[in-house]
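J.:
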Amino acid sequence: MTIQYYAQQLEAINYKSLWLGQNVMEKIDGISAHTAFIRPIPELHSIAEIIGHLTALHIDVINKLKVHFNLQLVYQPDHWRSNEELKTIGWKQLKEDYEKSILSILVLIGDKEDSLLEKTYTEGHYKIVNPFEFAIEGVIHHTLYHLGQLGITIKLLIRKELHLS
841 MTIQYYAQQL
851 EAINYKSLWL
861 GQNVMEKIDG
871 ISAHTAFIRP
881 IPELHSIAEI
891 IGHLTALHID
901 VINKLKVHFN
911 LQLVYQPDHW
921 RSNEELKTIG
931 WKQLKEDYEK
941 SILSILVLIG
951 DKEDSLLEKT
961 YTEGHYKIVN
971 PFEFAIEGVI
981 HHTLYHLGQL
991 GITIKLLIRK
1001 ELHLS
C-alpha cells in the first residue's frame, strides 16, 4: 500500500461516504453532551470514553511521527480516561480534540514519500521496533473497530431512551 492510500482511508473513515454506513463524524454528530457520557450498560464505554480513547491513540501515533521528524511532542493523555475526567474537558472539546488529532496525522503523512512506511520507530516500554506502516494501518483498524462499538453504543442508548419514555 502507499502512504496516500492510508491517508485516504483515514480520511474516509472519519469524513467520507462509506459502504459500511456512517463515518465517525456522522456517527457522533448530533450526540448531546448529556448522552455522550452515558454508559448504556456498566460493562460498555460511553461515546465520550471511546472518542477520548481514539484521540489518545492518534496522539500516540502523532508523537511517534513527530519524534521521527524531530518535531515537538504533543501531550499524551491516558488511553482510557473516566467519564468524570472527560466531563471536565466537555463533549464539544473532546470532539474538537478528536478531529484535530485526525487532521494532524493527515498533515504529518500527507506529503510524505512511501518510504516513510518502511522507516521504524521503537515502541517505548515494550522495546519493540515496528515500521510506521504498522502504526498508521493500526490507527485505521482501531478506528474501524471503535466505529462499530460506537454504533452499538448509540443503538443501545436510543433503545434505553425509548424504554424510559
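For what it's worth, our numbering labels the leading residue of the sequence shown as 841, then goes sequentially.
Positions of the beta carbon are idealized from the N, C-alpha and C atoms, including for glycine.
Remember, predicted model here, so these are calculated numbers, not experimental data.
Leaving aside the five residues before and after SER1005 along the sequence, list all residues of the same chain whose C-beta is less than 8 Å from its C-beta, in chain order.
T.: Residue placement at SER1005 cannot be trusted, given a pLDDT of 47 that sits under 50; the coordinates are not used to answer.
J.: My understanding is that ILE942 touches ASN854, with C-beta atoms under 8 Å, so please give their C-beta distance in whole angstroms.
T.: Confirmed, Cβ separation roughly 5 Å.
J.: If you check the beta carbons only, do ASN970 and GLU977 fall under 8 Å apart?
T.: No.
J.: Under three-state DSSP, which class holds LEU858?
T.: It is a strand residue.
J.: If we call anything under 8 Å between Cβ atoms a contact, is PHE972 one with LEU987?
T.: No.
J.: Would you decide whether HIS893 is buried or exposed? Buried here means 16 or more other CB atoms lie within 10 Å of its CB.
T.: Per the 10 Å Cβ criterion, buried.
J.: Suppose the cutoff is 6 Å on Cβ atoms and the five residues either side in sequence are ignored; what does the same chain contact list for HIS981 look like?
T.: Closer than 6 Å at Cβ, skipping near neighbours: no residue.
J.: Where does LEU1013 land, buried or exposed, given buried means 16+ other C-beta within 10 angstroms?
T.: Lying outside 841 to 1005, the shown extent of the chain, residue 1013 is not represented and no answer is given.
J.: Please report the straight-line C-alpha distance between TYR845 and GLU883, rounded to a whole angstrom.
T.: In a straight line, the C-alpha of TYR845 is about 36 Å away from that of GLU883.
J.: In chain order, which alpha helix (DSSP H) runs of at least 4 residues are fully inside the segment 874 to 918?
T.: List check, alpha helix (DSSP H) in window: 887 to 908.
J.: Less than 7 Å between the CB of HIS986 and some heavy atom of the ligand MN, yes or no?
T.: Although the ligand MN was asked about, the structure shown includes no ligands whatsoever.
J.: Considering only the alpha carbon of each residue, which of PRO917, ILE890, ILE891 lies closest to ASN903?
T.: Per the Cα distances, PRO917.
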